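Okay, so here's the structure we're looking at.
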Amino acid sequence: GENVEQHPSTLSVQEGDSAVIKCTYSDSASNYFPWYKQELGKGPQLIIDIRSNVGEKKDQRIAVTLNKTAKHFSLHITETQPEDSAVYFCAASKGGNNRLAFGKGNQVVVIP
Amino acid sequence: DARVTQTPRHKVTEMGQEVTMRCQPILGHNTVFWYRQTMMQGLELLAYFRNRAPLDDSGMPKDRFSAEMPDATLATLKIQPSEPRDSAVYFCASGRFIDEQYFGPGTRLTVT
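Here the protein sequences come in this chain order: A and B.
The opening position of the first sequence corresponds to residue 1 in the working numbering, with each subsequent residue numbered one higher.
The opening position of the second sequence corresponds to residue 113 in the working numbering, with each subsequent residue numbered one higher.
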């Protein structure tokens with residue numbers, strides 16, 4: 001089955017700087033790549049997703065880039081703020097009746 | 113704004129007791145998932161349903177865990193008998209498709 005890995009496991013950034021989290025996946029047939037944000041005491045919430053027919057998608061301060069050849073995709077957060085501190089999960093799916101395969105999560109800490 | 117609801121939010125019980133967790137999926141969502149989250153294992157998929165029928169429960173210890181959808185507005189996860197190693201946060205998620213998942217706030221279970 002699909003194997004999704006995230007790096008680094010923990011990332012600390014100064015407020016205002018950018019943060020980048022990278023995920024790799026194993027199944028070249030995967031075509032849907034969402035990112036979830038989990039704040040303390042809450043469930044993961046979908047923040048952005050990308051499908052394999054595009055290379056980049058942006059929503060305000062967050063963006064996701066996809067490199068299908070290398071089988072990796074990244075989450076970019078610009079102008080980080082304290083409320084960006086959370087655990088971020090990436091996932092991958094082949095679509096259809098295939099479920100999402102989640103990574104282990106990255107802890108992002110934004111230092112004021 | 114439509115959300116997945118879960119009850120109870122917290123549960124403390126003694127080893128050997130039965131535990132029932134409930135989930136109300138978002139209206140119109142026909143796919144429901146149960147996950148368990150621990151520090152060591154991350155997010156583990158326990159089971160999921162499509163149109164109330166179980167599609168996959170291979171992630172669930174079948175000797176003690178059971179998952180059902182008595183109707184389209186209620187999903188339940190039962191543990192009988194509970195053990196200390198079952199202590200975790202249990203999330204329910206729902207979606208219109210297999211790879212669309214909106215998570216609830218979770219049930220934090222502590223088994224002493």
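Quick reminder that beta carbons are idealized off the backbone N, C-alpha and C, glycines included.
Treat the numbers as computed from the prediction; the structure is a model and nothing was measured.
Practice task
Step through the CB atoms of chain B and report whether any lies within less than 7 Å of the CB of Leu75 of chain A.
Solution key: no
Problem - Where the stretch 42-59 of chain A meets chain B: residues whose CB sits under 8 Å from a CB there - result: Lys42, Gly43, Pro44, Gln45, Leu46
Problem - For Tyr36 of chain A and Asn3 of chain A, the rounded distance between their alpha carbons - result: 17 Å
Practice task
Would you mind listing the beta strand (DSSP E) stretches within the stretch 157-204 of chain B that are 3+ residues and don't spill past its ends, in chain order?
Solution key: 165-168, 177-183, 186-191
Problem - CB contact flag (Arg162 of chain B, Thr143 of chain B, <7 Å) - result: yes
Handout entry: Sub-7 Å separation of Val113 of chain A and Glu15 of chain A beta-carbons
Key = No information on residue 113 of chain A is available, as it lies outside the stretch 1 to 112 that chain A covers here.
Exercise for the section: For Gln192 of chain B, count neighbouring Cβ atoms within 10 angstroms of its own Cβ and tell me buried if that reaches 16, exposed if not. Expected result: exposed
Practice task
Please list the residues of the stretch 193-214 of chain B that have a C-beta atom closer than 9 Å to any C-beta atom in chain A, keeping them in chain order.
Solution key: Val201, Phe203, Cys204, Ala205, Phe209, Ile210, Asp211, Glu212, Gln213, Tyr214
Exercise for the section: Could you give the DSSP three-state label for Asp17 of chain A: helix, strand or coil? Expected result: coil
Problem - Check whether Ala91 of chain A and Ser30 of chain A have beta carbons under 7 Å apart - result: no
Practice task
Counting only runs of 3+ residues fully inside the stretch 52-78 of chain A, write out the beta strand (DSSP E) ranges in chain order.
Solution key: 56-59, 62-67, 72-77
Practice task
Kindly indicate if chain B contains any beta-carbon less than 7 Å away from that of Phe33 of chain A.
Solution key: no
Exercise for the section: Using only the heavy atoms of the ligand MN, determine whether one of them is closer than 6 Å to the beta carbon of Leu139 of chain B. Expected result: In terms of ligand content, the structure shown is empty, and the ligand MN therefore cannot be addressed.
Exercise for the section: May I have the straight-line CA-CA distance separating Lys23 of chain A from Gly103 of chain A, to the nearest angstrom? Expected result: Note that residue 23 of chain A is Cys in the sequence shown here, rather than Lys. Cα to Cα, the separation comes out at about 8 Å.
Practice task
Flag Ser26 of chain A as yes if its beta-carbon sits less than 7 Å from any beta-carbon of chain B, otherwise no.
Solution key: no
Exercise for the section: Using DSSP bridges, identify the partner residues of Lys104 of chain A. Expected result: BP columns for Lys104 of chain A are empty, so no partner.
Practice task
With DSSP collapsed to three states, give me the class of Asp84 of chain A.
Solution key: helix
Practice task
Tell me whether Phe89 of chain A sits in a helix, a strand or coil according to DSSP, three-state version.
Solution key: strand
Problem - Beta carbon of Phe33 of chain A nearer than 7 Å to that of Ile50 of chain A - result: yes
Practice task
Could you confirm whether any beta carbon from chain B is found closer than 7 Å to the beta carbon of Asn97 of chain A?
Solution key: yes
Practice task
Output yes if chain A places a C-beta closer than 7 Å to the C-beta of Pro173 of chain B; else output no.
Solution key: no
Practice task
State the CB to CB distance for the pair Leu66 of chain A and Gly55 of chain A, rounded to an integer number of angstroms; the pair is presumed to be in contact (CB under 8 Å).
Solution key: 6 Å
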